[in-house]
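J.: Have a look at this one.
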Amino acid sequence: MEWINSLISCFMILFSIIDILGNAPIIMGFKSKGNIIETKKIIISSLVIFLSFLFLGQPMLKLIGVDIHSFSVAGSIVLFLIGLEMILGIDIHKITENAQTSIVPISFPLIAGPGSLTTLISLRTTYDINIILLSLILNMIVVYFVIDRCDFIAKKIGSNGLDILKKIFGIVLLAFAVKIFGANATQLFQ
Numbered sequence: 001m002e003w004i005n006s007l008i009s010c011f012m013i014l015f016s017i018i019d020i021l022g023n024a025p026i027i028m029g030f031k032s033k034g035n036i037i038e039t040k041k042i043i044i045s046s047l048v049i050f051l052s053f054l055f056l057g058q059p060m061l062k063l064i065g066v067d068i069h070s071f072s073v074a075g076s077i078v079l080f081l082i083g084l085e086m087i088l089g090i091d092i093h094k095i096t097e098n099a100q101t102s103i104v105p106i107s108f109p110l111i112a113g114p115g116s117l118t119t120l121i122s123l124r125t126t127y128d129i130n131i132i133l134l135s136l137i138l139n140m141i142v143v144y145f146v147i148d149r150c151d152f153i154a155k156k157i158g159s160n161g162l163d164i165l166k167k168i169f170g171i172v173l174l175a176f177a178v179k180i181f182g183a184n185a186t187q188l189f190q
């Protein structure tokens, strides 16, 4: 039962930070400008970015002399700011539109952006790697479905529904940011 709870928690954290429902209007905006959205290419490239960072991120940090707890504290601050962005409806980081919409900016930085990559490393301090991998794969399935059907979903949920979901996931991110900060800040001073 604890494994299931961890899986649900990890899935929801990644789902919140990837924020595919909140990004659906951006993707629809790209589509409306005549850009071709290659869903399979987006999922594969996002997964490659995520897996590379999940397995190579920590060794790269060690190489430059940054421990996981320092990175997690810094990441929790980034997550906190992203959560505030989502709740308050402000843009601290703006994404510029580009005609090449499969990899940039949809795979990176919309899906596999700084917040989600930071979250992956931070999750390693809290969850088993198998739970993280399964959560990531399940999220990519959801991302595939949402991108493939974003027009239909946006019509059903509506812009108010998307705004409400974004605010709810923003609160989840704030709570997770506080949890990561608390778990790792104490380790810095030992």
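Per the UniProt record's numbering, residue 1 is the first one in the sequence shown, and the count goes up by one each step.
Built from N, CA and C at the ideal position, the CB exists for glycine as well.
Leaving out five residues on either side along the sequence, give the residues of the same chain with a beta carbon under 7 Å from the beta carbon of residue 181.
T.: 73 and 76
J.: Among 138, 55 and 114, which residue has its Cα nearest to the Cα of residue 78?
T.: Of 138, 55 and 114, the residue nearest in Cα terms is 114.
J.: So residue 20 and residue 143 are supposed to be a Cβ contact under 8 Å. How far apart are they, rounded?
T.: 5 Å
J.: Taking only the alpha-carbon atoms, compute the straight-line gap between residue 98 and residue 110 and give it to the nearest angstrom.
T.: Confidence in residue 98 is poor, its pLDDT being 48 and thus under 50, which makes the residue's placement too unreliable to answer from.
J.: Determine the direct distance from the alpha carbon of residue 125 to that of residue 54, and round the result to whole angstroms.
T.: 12 Å
J.: For residue 50, count neighbouring Cβ atoms within 10 angstroms of its own Cβ and tell me buried if that reaches 16, exposed if not.
T.: buried
J.: Taking contact to mean 3 or more Cβ pairs, one atom from each stretch, closer than 8 Å, check whether the stretch 163 to 174 and the stretch 59 to 71 are in contact.
T.: The answer is no - the stretch 59 to 71 does not touch the stretch 163 to 174, with fewer than three Cβ pairs under 8 Å.
J.: Does the Cβ-Cβ distance between residue 14 and residue 135 come in under 8 Å?
T.: yes
J.: Residue 184 to residue 34, Cα distance in whole Å?
T.: Approximately 45 Å, taken between the alpha carbons.
J.: On the DSSP letters alone, give me the boundaries of the alpha helix (DSSP H) that residue 55 sits inside.
T.: Per DSSP, the continuous alpha helix (DSSP H) segment holding residue 55 begins and ends at 39 to 63.
J.: Out of 3, 71, 105 and 59, which has the shortest C-alpha to C-alpha gap to residue 191?
T.: No answer is possible for residue 191: the residues shown for the chain start at 1 and end at 190.
J.: Please state the DSSP three-state secondary structure of residue 139.
T.: DSSP places residue 139 in the helix class (H, G or I) of the three-state scheme.
J.: If I measure Cβ to Cβ from residue 133 and keep anything under 6 Å in the same chain, skipping five residues before and after, which residues do I get?
T.: none
J.: Taking the alpha helix (DSSP H) that residue 86 falls in, what are its first and last residues?
T.: 68 to 88
J.: Starting from residue 184, trace the alpha helix (DSSP H) both ways and give me its first and last residue.
T.: 150 to 188
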